[in-house]
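Inspection log for the structure reproduced underneath, given as structure tokens.
Number of protein chains: 2
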Amino acid sequence: MEIFKEIKPLKAFLKEKTPAATIGLVPTMGALHHGHLSLIEASKRENALTVSTIFVNPAQFNNPEDLKKYPRTLERDCEMLRQAGCQVVFAPEVTTLYEHEPTVTFDFGTLDKILEGKFRPGHFSGVALVVSKLFHIVNPTTAYFGQKDFQQFKIIEKLVEELKFDLQLKMMPIIREPDGLALSSRNKRLSEPERKKAALLFRSLTEAKKLLIRGEKIFNVKEIVNQNYKSVDGVKLEYFELANIENLSPAETVTNQTILLMAAYVGEVRLIDNLLMEE
Amino acid sequence: MEIFKEIKPLKAFLKEKTPAATIGLVPTMGALHHGHLSLIEASKRENALTVSTIFVNPAQFNNPEDLKKYPRTLERDCEMLRQAGCQVVFAPEVTTLYEHEPTVTFDFGTLDKILEGKFRPGHFSGVALVVSKLFHIVNPTTAYFGQKDFQQFKIIEKLVEELKFDLQLKMMPIIREPDGLALSSRNKRLSEPERKKAALLFRSLTEAKKLLIRGEKIFNVKEIVNQNYKSVDGVKLEYFELANIENLSPAETVTNQTILLMAAYVGEVRLIDNLLMEE
Numbered sequence: 009m010e011i012f013k014e015i016k017p018l019k020a021f022l023k024e025k026t027p028a029a030t031i032g033l034v035p036t037m038g039a040l041h042h043g044h045l046s047l048i049e050a051s052k053r054e055n056a057l058t059v060s061t062i063f064v065n066p067a068q069f070n071n072p073e074d075l076k077k078y079p080r081t082l083e084r085d086c087e088m089l090r091q092a093g094c095q096v097v098f099a100p101e102v103t104t105l106y107e108h109e110p111t112v113t114f115d116f117g118t119l120d121k122i123l124e125g126k127f128r129p130g131h132f133s134g135v136a137l138v139v140s141k142l143f144h145i146v147n148p149t150t151a152y153f154g155q156k157d158f159q160q161f162k163i164i165e166k167l168v169e170e171l172k173f174d175l176q177l178k179m180m181p182i183i184r185e186p187d188g189l190a191l192s193s194r195n196k197r198l199s200e201p202e203r204k205k206a207a208l209l210f211r212s213l214t215e216a217k218k219l220l221i222r223g224e225k226i227f228n229v230k231e232i233v234n235q236n237y238k239s240v241d242g243v244k245l246e247y248f249e250l251a252n253i254e255n256l257s258p259a260e261t262v263t264n265q266t267i268l269l270m271a272a273y274v275g276e277v278r279l280i281d282n283l284l285m286e287e
Numbered sequence: 009m010e011i012f013k014e015i016k017p018l019k020a021f022l023k024e025k026t027p028a029a030t031i032g033l034v035p036t037m038g039a040l041h042h043g044h045l046s047l048i049e050a051s052k053r054e055n056a057l058t059v060s061t062i063f064v065n066p067a068q069f070n071n072p073e074d075l076k077k078y079p080r081t082l083e084r085d086c087e088m089l090r091q092a093g094c095q096v097v098f099a100p101e102v103t104t105l106y107e108h109e110p111t112v113t114f115d116f117g118t119l120d121k122i123l124e125g126k127f128r129p130g131h132f133s134g135v136a137l138v139v140s141k142l143f144h145i146v147n148p149t150t151a152y153f154g155q156k157d158f159q160q161f162k163i164i165e166k167l168v169e170e171l172k173f174d175l176q177l178k179m180m181p182i183i184r185e186p187d188g189l190a191l192s193s194r195n196k197r198l199s200e201p202e203r204k205k206a207a208l209l210f211r212s213l214t215e216a217k218k219l220l221i222r223g224e225k226i227f228n229v230k231e232i233v234n235q236n237y238k239s240v241d242g243v244k245l246e247y248f249e250l251a252n253i254e255n256l257s258p259a260e261t262v263t264n265q266t267i268l269l270m271a272a273y274v275g276e277v278r279l280i281d282n283l284l285m286e287e
């Protein structure tokens with residue numbers, strides 16, 4: 009496995025391999041878990057060369073404390089990637105991707121103002137910026153993202169469609185712990201009791217889905233989810249919404265095109281999860 | 009010369025030529041003149057393949073009347089490009105580059121709020137959007153732009169730098185009529201008397217430059233330019249500014265890094281011009 013910290017040698021290496029080789033890109037912020045590895049596996053199945061990037065992107069953190077506390081485990085990450093058969097790692101310093109303070113920002117109309125965007129102003133602009141950089145540096149055939157960040161995937165889909173990036177996007181399913189908790193690098197920050205409480209996100213989502221399938225009204229289901237959260241100490245629901253998977257507009261009726269999305273604090277750690285009505 | 013209206017066949021054609029061939033891109037809105045042809049010549053000198061695009065980009069017109077009246081001369085343009093030795097033309101319909109109403113917009117901090125940006129809100133976001141599309145479709149080695157749209161060049165430079173587009177940019181000098189009028193597709197819209205008056209832009213810029221070289225104060229020079237415009241019927245100065253060529257911030261002293269920039273109406277036609285202190 010080749011590890012690069014600088015852009016030029018990475019580009020030179022990739023230029024030598026391509027155009028014969030298809031390139032799969034798996035962008036990550038490190039602190040890898042099996043969710044990331046499932047993206048690597050998908051990329052390896054479909055491409056001659058798999059490139060993973062490890063970069064905690066300051067531009068997408070609206071909360072400086074969250075940026076500071078974001079887990080960083082580069083050596084362990086590289087070992088996991090090596091074992092998973094990833095061929096190339098790009099792990100740049102902040103100053104390599106951001107030579108100056110960035111001045112370009114993106115606006116996605118409604119899509120970056122709702123759900124996560126409402127609580128994390130500037131987050132998706134920062135995502136779009138770093139993803140644009142990585143796409144231009146690696147020039148992948150296909151880029152792989154996890155469904156856990158569903159809204160992020162919709163943002164990147166929009167970016168690729170409207171800027172006409174020459175690549176494919178693939179979204180891979182959420183990987184969960186036995187109790188349903190979606191794998192996330194932020195789970196590492198949970199204490200043992202918090203870790204147990206964190207299963208509430210997926211439990212609420214599955215309960216809500218069952219109730220909706222039975223025909224319960226959206227308003228009542230939201231109320232039940234709210235009550236679930238209120239009954240547990242040390243957790244706080246930030247939002248629970250039903251949206252259309254196409255453009256994430258609020259769902260007023262439930263169909264197989266509906267997604268349930270949730271963000272909640274467990275202690276001081278902010279977690280997100282989602283569930284498709286169709287799954 | 010190959011002419012494409014659709015993205016897929018253009019990409020297939022270019023993919024067959026590259027990676028052996030370097031590609032020069034000359035993006036235009038058509039209504040070509042010798043300014044454009046000088047970009048084609050530069051591209052031909054430096055690349056195996058020259059691609060010109062002809063597309064009147066709705067997203068960069070803040071004024072619908074200006075968009076409607078923008079000259080469209082596709083057949084004549086193609087003939088000029090053929091004679092200039094351009095090998096590939098991409099002239100898509102609006103719906104080919106914009107399948108839906110665009111939702112992504114760009115913000116460049118101060119750079120798109122001053123000078124042209126102050127009078128044409130949204131203009132540079134539209135420029136950045138279409139240029140991103142064209143860069144991704146053509147994937148050029150080098151893209152060529154004219155100095156007449158100096159601020160546009162700075163915007164695109166920022167876009168390429170911050171999104172890390174894998175290409176070079178080149179700015180080519182302004183081509184002028186014998187009386188100094190900068191070549192522009194919009195000149196076609198001037199009546200004969202207006203055409204004569206339009207020389208005022210360059211005349212004012214050269215006079216201002218001379219006065220500044222002699223040590224005249226910026227404030228006084230601006231006043232003289234203002235008076236020049238007031239003494240001619242049917243012309244109206246929109247702005248005359250001195251800026252730093254690096255980031256277009258207002259110049260408070262004159263150096264060889266200063267540029268004089270001007271926008272003015274001649275009749276109903278809005279023209280721009282600029283002059284480097286160093287030229």
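Protein chains in written order, with the numbering used here: chain D, 9 to 287; chain P, 9 to 287.
Backbone N, C-alpha and C define an ideal beta-carbon position, used for all residues, glycine too.
### Query
Could you give the distance in angstroms between the alpha-carbon of L18(D) and the alpha-carbon of N55(D)?
18 Å
### Query
For G93(D), which of helix, strand or coil comes out of DSSP?
coil
#### Entry: Beta-carbon contacts of V233(P) that lie in its chain and below 6 Å, excluding the five residues immediately before and after
S212, A216 and F248
#### Entry: Alpha-carbon spacing of K230(P) relative to N65(P), whole angstroms
33 Å
#### Entry: Interface flag, L213(P) vs chain D, CB-CB below 8 Å
no
### Message
Rounded to whole angstroms, what is the Cα-Cα separation between T113(P) and P201(D)?
### Response
44 Å
### Query
So the alpha helix (DSSP H) S46(P) belongs to, where does it begin and stop?
H42 to E54
### Query
From S46(P) to T111(D), what distance separates their C-alpha atoms?
32 Å
### Query
Can you list, in chain order, the residues of its chain whose CB lies under 8 Å from that of Y237(D), leaving out five sequence neighbours each side?
L208, S212, V243, K244, L245 and A272
### Query
When DSSP labels each residue in this structure, what does Q265(P) get in the three-state scheme?
coil
### Query
Which value, in whole angstroms, describes the spacing of the CA atoms of T214(D) and E287(D)?
11 Å
### Task
Tell me whether L191(D) sits in a helix, a strand or coil according to DSSP, three-state version.
coil
### Query
Excluding the five sequence neighbours on either side, which residues of its own chain have a C-beta within less than 6 Å of the C-beta of G43(D), listed in chain order?
G154, I183 and L191
### Task
With a cut-off of 8 Å on the beta carbons, I'd call V139(D) and P35(D) a contact; round off their distance for me.
7 Å
### Query
So, helix, strand or coil for G134(D), using DSSP?
helix
### Query
Taking Cβ-Cβ distances shorter than 8 Å, what residues in chain D pair up with K172(P)?
I15, L105, S140, K141, H144 and I145
### Query
Cβ of Q68(D) within 7 Å of any heavy atom in the ligand SAM?
Absence of the ligand SAM from the depicted structure is noted, as is the absence of any ligand whatsoever, leaving it without description.
### Query
Is it right to say F227(P) is buried, meaning 16 or more other beta carbons lie within 10 angstroms of its own, or is it exposed?
exposed
### Message
Please give the ranges of any beta strand (DSSP E) in the region 50-86 of chain P, keeping only runs that are unbroken, at least 3 residues long and fully inside the region.
### Response
57-62
### Query
From D281(D) to L22(D), what does the alpha carbon distance come to, in whole angstroms?
35 Å
### Own chain, CB closer than 7 Å to L256(P), minus 5 neighbours either side, in chain order
L119, I122, L123, Q159 and K162
### Query
Using the C-alpha atoms, what's the distance from A136(P) back to F63(P)?
14 Å
### Query
Where Q235(P) and V262(P) are concerned, what is the direct C-alpha to C-alpha distance, given to the nearest angstrom?
21 Å
### Query
Rounded to a whole number of angstroms, what is the C-alpha to C-alpha distance between S193(D) and C86(D)?
15 Å
### Task
Answer with yes or no whether the minimum CB distance from P110(P) to chain D is below 8 Å.
yes
### Query
Who are the near neighbours of P181(P) in its chain, counting only those whose CB is closer than 7 Å to its CB and skipping five residues on each side?
Q155
### Task
Kindly list the residues whose CB is nearer than 7 Å to the CB of N70(D), restricted to its own chain and excluding five residues on each side of it in sequence; keep chain order.
R128, P129, G130 and H131
### Task
Verify whether the separation of the beta carbon atoms of T81(D) and G38(D) is less than 8 Å.
yes
### Query
Can you find a CB in chain P that lies within less than 8 Å of the CB of L177(D)?
no
### Message
Under 9 Å, CB to CB, which of the residues in the region 110-138 of chain P have a partner in chain D?
### Response
P110, T111, V112, T113, F114, D115, F116, G117, T118, L119, S133, A136 and L137
#### Entry: Residue burial classification, A50(P) (beta-carbon count within 10 angstroms, cutoff 16)
buried
### Message
Just checking: is the beta-carbon of L167(D) within a distance shorter than 8 Å of some beta-carbon in chain P?
### Response
yes
### Query
Roughly how many angstroms separate the alpha carbons of S199(P) and A206(P), rounded to a whole number?
10 Å
### Message
According to DSSP, is I228(D) part of a helix, a strand, or is it coil?
### Response
The question names Ile, yet the displayed sequence has Asn at residue 228(D). Note: N228(D) maps to helix in three-state DSSP.
#### Entry: Own chain partners of S133(P) with C-beta closer than 6 Å, once the 5 adjacent residues on each side are dropped
T113 and F114
### Message
Considering only the alpha carbon of each residue, which of H144(D), A92(D), V97(D) and A67(D) lies closest to Y106(D)?
### Response
A67(D)
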